[in-house]
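Trainee: Encoded as structure tokens, here's the structure I'll be asking about.
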Amino acid sequence: QDYTWEDHGYSLISRLYPDVGQLLDEKFQVVYNLTYNTIAMHCGVDTSVLRRAIWNYVHCVFGIRYDDYDYGEVNQLLERNLKIYIKTVACYPEKTTKQIYTQFWRHFKHSEKVLPHPFLTWQGAWVCCPCALTPLLPQVHINLLLLEARMQAALLYALRAVTRYMT
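Each residue of the sequence shown is one higher than the one before, counting from 30 in my numbering.
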């Protein structure tokens, strides 16, 4: 039986600690929905499917699976080296090495992995061109996603135990 954050975890923690439930939910939503609609140097890309695959893969690593999610997406979108990186960081962070880090998404150029200088365009005022900026490195974004998904998975286990105790 699914025990999800949206249906069970959030409501229980909100009953126990109303402010904490709202803050955690907002934190999970901000990280989950964080996107600049770019991948590498491609602008206007819908990254929601990739973000969902990363989030659900982390949950899967911790034994949480959802009946309404097609896990074929995970295998289609997450290359083997990225899965190794995610699992290592989520489960054995002390074993994370530079080699594991550099092995995934090798097709990204080094220049695409570092923050470029802002590129300004004239549109009645000087503004930053969103495609010229990479506000978050792809690896930083992946780390945020996987660490928040890990926290949510741990909370789901703890809150499920509390639910069982209370009933």
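All C-beta atoms, glycine included, are put in the ideal place defined by N, C-alpha and C.
Given the structure is predicted, the values throughout are model-derived calculations rather than measurements.
Only counting the same chain, and skipping five residues up and downstream in sequence, which positions put a Cβ closer than 7 Å to that of residue 124?
Mentor: 117
Trainee: Following the continuous alpha helix (DSSP H) through residue 47, name the residue where it begins and the one where it ends.
Mentor: 47 to 62
Trainee: Only counting the same chain, and skipping five residues up and downstream in sequence, which positions put a Cβ closer than 6 Å to that of residue 112?
Mentor: Its chain contains no residue whose beta carbon lies nearer than 6 Å to that of residue 112 once the 5 sequence neighbours on both sides are disregarded.
Trainee: Please report the straight-line C-alpha distance between residue 52 and residue 188, rounded to a whole angstrom.
Mentor: 16 Å
Trainee: For residue 173 versus residue 41, is the C-beta distance shorter than 8 Å?
Mentor: no
Trainee: What first and last residue would you give for the alpha helix (DSSP H) that runs through residue 115?
Mentor: Per DSSP, the continuous alpha helix (DSSP H) segment holding residue 115 begins and ends at 109 to 120.
Trainee: For residue 45, count the other beta carbons within 10 Å of its own beta carbon; 16 or more makes it buried, fewer makes it exposed. Which is it?
Mentor: exposed
Trainee: With DSSP as the reference, label residue 67 as helix, strand or coil.
Mentor: Judged by DSSP in its simplified three-state form, residue 67 adopts strand.
Trainee: Using the Cα positions of residue 115 and residue 78, report the straight-line distance between them to the nearest angstrom.
Mentor: Roughly 17 Å between the two C-alpha positions.
Trainee: Under 8 Å, do residue 34 and residue 128 count as touching if we go by C-beta distance?
Mentor: Contact flag unset, no.
Trainee: Run through the DSSP bridge pairs and tell me what residue 72 is partnered with.
Mentor: 67
Trainee: Pick helix, strand or coil for residue 93, following the three-state DSSP scheme.
Mentor: coil
Trainee: In whole angstroms, what separates the C-alpha of residue 161 from that of residue 73?
Mentor: Since pLDDT at residue 161 reaches only 43, below the 50 mark, its modelled position is unreliable, and no value is offered.
Trainee: By how many angstroms is the C-alpha of residue 196 removed from the C-alpha of residue 86?
Mentor: 30 Å
Trainee: Count the other CB atoms, across all protein chains shown, that sit within 10 Å of the CB of residue 190; report buried if there are 16 or more and exposed otherwise.
Mentor: exposed
Trainee: On the DSSP letters alone, give me the boundaries of the alpha helix (DSSP H) that residue 102 sits inside.
Mentor: 101 to 106
Trainee: Taking the alpha helix (DSSP H) that residue 196 falls in, what are its first and last residues?
Mentor: Here residue 196 belongs to no alpha helix (DSSP H), and DSSP marks it neither H nor E.
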